[in-house]
Amino acid sequence: MKVTQISVFMENKNGRLAEITRLLASKNISLRAVTIADTADFGILRLLVKDPDYARDVLLEAGFTAKETEVLAVAMDDKPGALAEVMELFEKNKVNIEYLYSILAGKGDKADVVFKVEDLERGESLLKQNGYDKPLDL
Amino acid sequence: MRVYSPQDIEFLDRQALEAIQLLRLKKVIAVALDTPFYKERLSGVGIEHPKDLKSLDDLNKIPFTTKDDLRDTYPYGLLSVNKKEVVRMHASSGTTGKPTVIFYDRDDLNRWTHLALRSLRACGCGPIDVFQNMMTYGLFTGGLGLHYGAEDLGMFVIPSSGGNTQRQLLLMKDFGTTVVHATPSYMLHLYAQMDNMGVKLSDLNLHKALIGAEPHSEDLRRKIETLFGIDAYNSYGLSEMNGPSVAFECVEKSGMHLWEDAYRLEIVDRHSLEAVEDGVVGELVLTNLIRHASPILRYRTKDLTRILTGTCACGRTSRRIDRIMGRTDDMLIINGVNVFPSQIEEVVMKIPEAGNNYRIVVRKKGTLDVLIVELEVGPDILSDDTRDLYALKGRLVEALKASISIKPIVEFHEPGQLPVQEGKAIRVVDERGNLY
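If you read the protein sequences in the order shown, they are chains A and B.
Here the numbering used here is used: the first residue of the first sequence is 1, the next is one more, and so on.
Here the numbering used here is used: the first residue of the second sequence is 1001, the next is one more, and so on.
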């Protein structure tokens, strides 16, 4: 369901990722999901953490450009075809997905996948109506 | 080596030359008085009529004209003939979005063309030559400026214009080009590309390069000469003074003869704006004595040079100026195109999402210049979607290209990565060093 993701702008430079992760570690911030959208000349680091506001402030204070984005985190059964089912649901209802990534270490028999969709509200209600309503424990 | 008869206007003694200057200046004053701008300026110093100008020294009473004056009178404020008399206009970069425009009537063009002919003749060009003009044809004066003079001299003219190196080399090879007109950096680029395109020096019949539109060092001239096994001649011009062939090197290659029958030459101290002694470096100030559609008196070129003392072995009496040593303002010359940082700022500021922290970097990539606009990515710019950043970059590149005719590279940087100096952001970094 709706969760707040932190996006951080990074230049393609040696050591930037190390610096960010070191900074978050020093503040005892645990990462639940990490992914990078990279291009030829820059990257956007996307993070899921327990307390996004705090993580954002830590990053801003250290001089990084960080902002919050709402995304949908979906707990699905950890079995073949589970993702396909959700994708089909989105496709049928014309909810466009901008990107998706999975959350580190699923818990038990569930796998968590994060979706960034164009229409967040519609995406969320669609998921709820179809039984994907388990809140995510970050 | 005296090449032409002493009767030629290029060999007049000082007194006769100054008599011609005064005569021509009076005519220019007469047309300048037809523009509201100069009417006010001139009456402010007691010149209501050309006859109020008793001697050339009276010119010194007239205030300088600057690029800002040209901008403020855009588009027609300095046009002094009926619009139907105009046969061409050219334009160069202004300090802001508005270009500086210049108009020519038929006689103006004829007089300029004749100067181009004289310039080409001075460096030894003639009807036997095949002249490939690699300067851009268009609003920029570099291309058309020498074109008609070359034709009048009887040269075989190939108007290849700028760019497309492969085609340039093909034309040079197949038509036996003997003379090219290009920027010095394009000459180096041309040489660097020959190998790639399978063209050898022995395939070419090149003898001369006329190089201009960019300040360059004596070392760079020698380098071009050695690489191609040719003679390279320095050329100086600016659209406010018609375009190329304001000053040109003769075969002696010892400074550029400034055609004094066509332009009144002054060198002033860059700060006090007082005249300096011959030989001292200062800002070049020119009065166009041969154009009537757009009169411009005492124009501050912002180019730094000095008068070379002594006489030239060729016998021409027009004084020579040294190669351009720099600018008094922050104008950048990028691959021969004039760009003011303020033009870039204007574009960046019009795109609010681009934020306001940016830096302009000019550096060499191979032999050519590249313009890089570095933008700081603050919270307002940052999107979670890389496509949004690319779209912003695309819009900025297009807007800059439309404004300055150069396609820049736009780079994104993290905040605080752009260096600051004493708390003030450094907006412009020219990494090209001291003239190559």
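Even glycine gets a Cβ: it sits at the ideal position worked out from N, Cα and C.
Here the structure is a predicted model, which means the values were calculated and not measured.
Taking only beta-carbon atoms, is residue i less than 9 Å away from chain B?
{"i": "residue 9 of chain A", "result": "yes"}
{"i": "residue 5 of chain A", "result": "yes"}
{"i": "residue 16 of chain A", "result": "yes"}
{"i": "residue 73 of chain A", "result": "no"}
{"i": "residue 121 of chain A", "result": "no"}
{"i": "residue 60 of chain A", "result": "yes"}
{"i": "residue 116 of chain A", "result": "yes"}
{"i": "residue 21 of chain A", "result": "no"}
Any C-beta of chain A sitting closer than 9 Å to the C-beta of residue i?
{"i": "residue 1038 of chain B", "result": "no"}
{"i": "residue 1422 of chain B", "result": "Its pLDDT being 49, under 50, residue 1422 of chain B is placed unreliably by the model, and the measurement read from it follows with that caveat. No, residue 1422 of chain B lies away from the interface with chain A (no Cβ there is under 9 Å from its Cβ)."}
{"i": "residue 1191 of chain B", "result": "no"}
{"i": "residue 1394 of chain B", "result": "no"}
{"i": "residue 994 of chain B", "result": "Any answer about residue 994 of chain B is impossible in this case: the structure gives chain B only from 1001 up to 1436."}
{"i": "residue 1400 of chain B", "result": "no"}
{"i": "residue 1382 of chain B", "result": "yes"}
{"i": "residue 1389 of chain B", "result": "yes"}
{"i": "residue 1301 of chain B", "result": "no"}
{"i": "residue 1008 of chain B", "result": "no"}
{"i": "residue 1225 of chain B", "result": "no"}
{"i": "residue 1436 of chain B", "result": "Low confidence applies to residue 1436 of chain B: its pLDDT is 42, below 50, so where it sits in the model is not reliable, and the reading given next is rough at best. Residue 1436 of chain B does not count as touching chain A."}
{"i": "residue 1178 of chain B", "result": "no"}
{"i": "residue 1385 of chain B", "result": "yes"}
{"i": "residue 1411 of chain B", "result": "yes"}
Terminal residues of the continuous beta strand (DSSP E) containing residue i?
{"i": "residue 1265 of chain B", "result": "1263-1268"}
{"i": "residue 1076 of chain B", "result": "Looking at the DSSP string, residue 1076 of chain B is not in any beta strand (DSSP E), and its letter there is neither H nor E."}
{"i": "residue 1092 of chain B", "result": "1086-1092"}
{"i": "residue 5 of chain A", "result": "2-11"}
{"i": "residue 73 of chain A", "result": "66-77"}
{"i": "residue 1284 of chain B", "result": "1282-1288"}
{"i": "residue 1413 of chain B", "result": "1409-1413"}
{"i": "residue 32 of chain A", "result": "31-38"}
{"i": "residue 1368 of chain B", "result": "1368-1376"}
Answer with buried or exposed for residue i, where buried requires no fewer than 16 other C-beta atoms within 10 angstroms of its C-beta.
{"i": "residue 1204 of chain B", "result": "buried"}
{"i": "residue 1278 of chain B", "result": "exposed"}
{"i": "residue 1453 of chain B", "result": "Residue 1453 of chain B falls outside the range modelled here, since chain B spans only 1001 to 1436, and no answer is possible."}
{"i": "residue 1105 of chain B", "result": "buried"}
{"i": "residue 1233 of chain B", "result": "buried"}
{"i": "residue 66 of chain A", "result": "buried"}
{"i": "residue 104 of chain A", "result": "exposed"}
{"i": "residue 1190 of chain B", "result": "buried"}
{"i": "residue 1063 of chain B", "result": "exposed"}
{"i": "residue 54 of chain A", "result": "exposed"}
{"i": "residue 14 of chain A", "result": "exposed"}
{"i": "residue 1359 of chain B", "result": "buried"}
{"i": "residue 1094 of chain B", "result": "buried"}
{"i": "residue 1045 of chain B", "result": "exposed"}
{"i": "residue 1363 of chain B", "result": "exposed"}
{"i": "residue 1311 of chain B", "result": "exposed"}
Under DSSP, the alpha helix (DSSP H) around residue i begins and ends at which residues?
{"i": "residue 1226 of chain B", "result": "1218-1228"}
{"i": "residue 56 of chain A", "result": "52-61"}
{"i": "residue 1394 of chain B", "result": "1386-1404"}
{"i": "residue 1100 of chain B", "result": "Element bounds for residue 1100 of chain B: not the alpha helix (DSSP H) but the beta strand (DSSP E), 1100-1105."}
{"i": "residue 86 of chain A", "result": "82-92"}
{"i": "residue 1300 of chain B", "result": "Here residue 1300 of chain B belongs to no alpha helix (DSSP H); instead the beta strand (DSSP E) covers 1299-1305."}
{"i": "residue 125 of chain A", "result": "120-129"}
{"i": "residue 184 of chain A", "result": "Nothing can be reported for residue 184 of chain A: it is not among the residues displayed for chain A, which extend from 1 to 138."}
List the residues of chain D that residue i touches, going by C-beta distances under 7 Å, in chain order.
{"i": "residue 65 of chain A", "result": "Reference to chain D is not applicable here, since the protein chains of this structure are A and B."}
Residue i: beta carbon under 8 Å from a heavy atom of the ligand NAD?
{"i": "residue 1155 of chain B", "result": "The ligand NAD is not part of the structure shown, which contains no ligands of any sort."}
Contact set between the segment 27-45 of chain A and chain B, restricted to residues whose Cβ is under 9 Å from the partner: 37, 38, 39, 41, 42, 43, 44
Residue ranges of each beta strand (DSSP E) within the segment 1108-1195 of chain B, 3 or longer: 1130-1133, 1156-1158, 1179-1182
Along the segment 1346-1379 of chain B, what residues have a CB closer than 9 Å to any CB found in chain A? 1376, 1377, 1378, 1379
Unbroken stretches of the alpha helix (DSSP H), 4 residues or longer, contained in the segment 1334-1365 of chain B: 1341-1350
Contiguous alpha helix (DSSP H) assignments of at least 4 residues, all confined to the segment 1023-1048 of chain B: 1036-1043
Going along the chain, which residues of the segment 88-112 of chain A sit with their C-beta nearer than 9 Å to a C-beta in chain B? 98, 99
Which residues of the segment 1304-1335 of chain B have a Cβ closer than 8 Å to any Cβ of chain A? Give them in chain order. none
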